[in-house]
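The opening position of the sequence shown corresponds to residue 0 in numbering that gives the first Met the number 0, with each subsequent residue numbered one higher. Structure first, then comments.
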Amino acid sequence: MHGSHFDVKSNKTAPIIKKLLIGMLFCANILIADTVSGKTILEFADANTTCPVRFIDIKKYPSYAALIVYEDGTKEFFSSPKYMFRYYFDNPKSISGAFVADFVTAKFIDVKNGYFVFGSNLMSIGGDDLIAFDSEEKAKMFSEKHNGKKIFPFDNISKKLIEYLDMK
Numbered sequence: 000m001h002g003s004h005f006d007v008k009s010n011k012t013a014p015i016i017k018k019l020l021i022g023m024l025f026c027a028n029i030l031i032a033d034t035v036s037g038k039t040i041l042e043f044a045d046a047n048t049t050c051p052v053r054f055i056d057i058k059k060y061p062s063y064a065a066l067i068v069y070e071d072g073t074k075e076f077f078s079s080p081k082y083m084f085r086y087y088f089d090n091p092k093s094i095s096g097a098f099v100a101d102f103v104t105a106k107f108i109d110v111k112n113g114y115f116v117f118g119s120n121l122m123s124i125g126g127d128d129l130i131a132f133d134s135e136e137k138a139k140m141f142s143e144k145h146n147g148k149k150i151f152p153f154d155n156i157s158k159k160l161i162e163y164l165d166m167k
C-alpha cells in the first residue's frame, strides 16, 4: 500500500481523515439533537427517568427536566439544570449532547441554545437553580415576573456558578 493515496504514513491523507471524522461526529450530534429536541420528558416512556442526584422520578417536574446523552448512546435524566450541569462539567469528553426543558413548554432544547435565569423566587426540587428557556425574550419576561437576578446564555454558565448554586 505504500505510495497509495490511502497510505496512513503519508501526511497528505491525515487532514482528510480528520475532516471525515469531525463530519461524522457532527452528523451524530445532529441526529441526537433531532431525537431529543422538541420532546418532553413524558415522551421517554421506556427510559429510566430517576435523577441520579435526587433519586426522584423527574416526570413529576417536567419543566425542570434535563438530560445528558453520552457517546455510547445512553441517556441520563436529571431533576434540574443545576444537576445536569454538575455532570456536564465533570464528564465533558464523554458527552455527545445535553438538553434542558424550556420552563414554559417543558420541551427539550439543546443546552447550548438555552438562556438561564439565575436568582429567581422559584426553586427546583433541589433548591436554588437555573431556570431554562429557549429564548432570551422568555427568560427576560420570567425574570421580571419572578425577581430574577441575571440571565445567562449557555456560554456564560461556569462550573463555579453551579458549585455556588449547589453550595459546594
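Glycine residues also receive a C-beta, built at the ideal position from the N, C-alpha and C atoms. All values reported here derive from a predicted model rather than from experimental measurement.
Pull up the DSSP beta-bridge partners for residue i, would you.
i: Pro80; result: In the DSSP output, where bridge partners are listed per residue, Pro80 has none listed.
i: Phe117; result: Leu129 and Lys149
i: Ser123; result: Gly126
i: Ala65; result: Phe77 and Val99
i: Asp189; result: With the chain represented from 0 up to 167, any question about residue 189 goes unanswered, as that position is not in the structure.
i: Lys204; result: With the chain running from 0 to 167 in the structure shown, residue 204 is simply not present.
i: Ile94; result: Tyr69
Would you grab the beta carbon distance between residue i and residue j for me? Rounded to a whole angstrom, and I think it's under 8 Å.
i: Leu169; j: His145; result: Nothing can be reported for residue 169: it is not among the residues displayed for the chain, which extend from 0 to 167.
i: Ser79; j: Gly125; result: 5 Å
i: Glu70; j: Ser95; result: 5 Å
i: Ala131; j: Phe115; result: 6 Å
With a CB to CB cut of under 6 Å and the five nearest residues on each side skipped, what residues in its chain are close to residue i?
i: Ala97; result: Ile67, Tyr87 and Val110
i: Asn90; result: none
i: Cys50; result: Ile57, Phe77 and Ser78
i: Leu164; result: Lys81 and Asp127
i: Ser123; result: Tyr63 and Ser79
i: Asp133; result: Asp101 and Ile108
i: Ala138; result: Tyr114, Val116, Phe132 and Ile150
i: Lys158; result: Phe88
According to the neighbour-count rule (16 or more other Cβ atoms, all chains shown, within 10 Å of its Cβ), is residue i buried or exposed?
i: Met166; result: exposed
i: Thr73; result: exposed
i: Ser93; result: exposed
i: Glu136; result: exposed
i: Glu143; result: exposed
i: Phe102; result: buried
i: Phe141; result: buried
Please return the same chain residues whose Cβ sits closer than 8 Å to the Cβ of residue i, not counting the five positions on each side in sequence.
i: Pro61; result: Thr39, Ile40, Leu41, Ala100 and Ala105
i: Phe43; result: Lys74 and Phe76
i: Ala46; result: Lys74 and Phe76
What residues in its chain sit with their C-beta under 7 Å from that of residue i, if we drop five residues either side in the sequence?
i: Phe84; result: Ile156 and Ile161
i: Gly118; result: Gly147, Lys148 and Lys149
i: Thr48; result: Ile40, Asp56, Ile57, Lys58 and Phe76
i: Pro152; result: Tyr114
Compare the C-beta of residue i against all C-beta atoms of chain D and say whether one is closer than 8 Å.
i: Met122; result: As a matter of chain content, chain D is missing from the structure shown, which is built from one protein chain.
Hey, is the stretch 55–69 in contact with the stretch 92–112, meaning 3+ C-beta pairs nearer than 8 Å?
-> yes
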